[in-house]
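What follows is a short report on a single structure.
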Amino acid sequence: MLQLHDLRVDVTGGRRPAPWRPPRPVYAVDGISLRVAAGETLGLVGESGCGKSTLSRAVVGLHRPAGGRIVADGPVQYVFQDPYASLNPRRTIRQSLGEALQAGGLAGTAADTRAVELIETVGLSAAHLDRYPHAFSGGQRQRIGIARALATNPRVLILDEPVSALDVSIQAQIVNLLADLRDQLGLGYLFIAHDLAVVRHLSDRVAVMYLGRIVETGPADAVYGTPRHPYTAALLASSPEPVLGAARRHRIVVGGDLPGPANPPSGCRFRTRCPIGPLHRPERTICSERDPTLDGTDGHQVACHFPGELTVGRA
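If you read the sequence shown in the UniProt record's numbering, its first letter stands for residue 1, the second for the next number, and so on.
Laid out in structure tokens, this is it:
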């Protein structure tokens, strides 16, 4: 339904660092391959600045890829993080939905009928259509954003932190709505979030992203239950206990800040922060010399020279 093949996104846009220097690409997304099937949710997690949103925007054409391919079997739509900024305050909900419907080929009575169907699908009523965005709560606005995304009958939705700006009580309602819509309409989701509990609740598979690359991917139960990359293990160890369903977990310390994509480390990109890498084990020179590739069985793949060595065990 949606496939990414060796996708690269250069955030410089080909600009020169100086008039006398040749362009030097900076890849915020560097060689990523992913797939999202019908009725499936792929969760994409990682620190801020790792390239998640850049990847999602490239999928819908907001960033031009510098390389690779994007193959979509039907329309792809985007649900934005901020429900307050994503709606035009000068347009009624009917007008906002009408614009999306017109882009999909509907107008007049047919568009009005479809607008009512959409607004009711997300748990609101036809009486809301002639109101302006300021009249709605954050959760209601996000429902409207979801309705607008559904207007063109997409096969895949890109969900970029769709609940992070909402109150916790409202987050659960939106996540449950998304799950119901996925099951009813057979939608595929690329679900981007930093809340690992939400990702586990909604996702069938999970991909972990670090500095523009996927370092681990697999079924959600496998990635959460037996993480094989030290970065994944560190993310899970830093999460609240209810996420993991354990009484207490070992603390895993990851030092330093996320490096910039302009000067990524040689070899393994995580080696400068890795608790089992050459920073702590100097004899592991392979981490500095060779870039690990995704490898594994049963759909659980990891890019690490020493996979599974660092686990999220009980303390």
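All C-beta atoms in this analysis are idealised placements derived from N, C-alpha and C, irrespective of residue type, glycine included.
Exposure of Glu120 is indicated by the presence of fewer than 16 other C-beta atoms within 10 angstroms of its C-beta. Here Gly123 has Arg143, Leu177 as same chain residues with Cβ atoms under 7 angstroms from its own Cβ, once five neighbours each way along the sequence are excluded. Rounded to the nearest whole angstrom, the CA to CA distance from Val156 to Lys52 is 17 angstroms. Secondary structure note for Gln95: it is in no beta strand (DSSP E), and the uninterrupted alpha helix (DSSP H) holding it is 93-103. Between the beta-carbon of Pro227 and that of Leu236 there is about 6 angstroms, and that keeps the pair under the 8 angstroms contact cut.
Listed in chain order, the beta strand (DSSP E) elements of length 3 or more contained wholly in the region 212-245 are 213-219. A contact between stretches requires three or more CB pairs, one per stretch, nearer than 8 angstroms, and the region 191-200 fails this requirement with the region 86-98. Straight-line measurement puts the Cα of Met209 at about 10 angstroms from the Cα of Ser48. Of all alpha-carbon atoms in Thr297, Arg148, Cys268, the one lying nearest the alpha-carbon of Ala103 is that of Arg148. Distance from Tyr78 to Asp160 at the Cβ level is roughly 7 angstroms; contact confirmed, criterion being Cβ atoms closer than 8 angstroms. Residue environment for Gly61: exposed (fewer than 16 other C-beta atoms within 10 angstroms of its C-beta). Counting only runs of 3+ residues, the beta strand (DSSP E) found wholly inside the region 145-213 occupies 156-160, 188-192, 205-210, in chain order. Rounded to whole angstroms, the gap between the alpha carbons of Val45 and Ala193 is 6 angstroms. The C-beta of His280 has fewer than 16 other C-beta atoms within 10 Å across all chains shown, which makes the residue exposed. Judged by DSSP in its simplified three-state form, Arg141 adopts helix. Excluding five sequence positions before and after His134, the CB atoms of its chain that fall closer than 8 angstroms to its own CB belong to Pro89, given in chain order. The bridge partners DSSP lists for Leu44 are Ile192, Ala207. Between Val59 and Ile158, the CB-CB gap stays under 8 angstroms.
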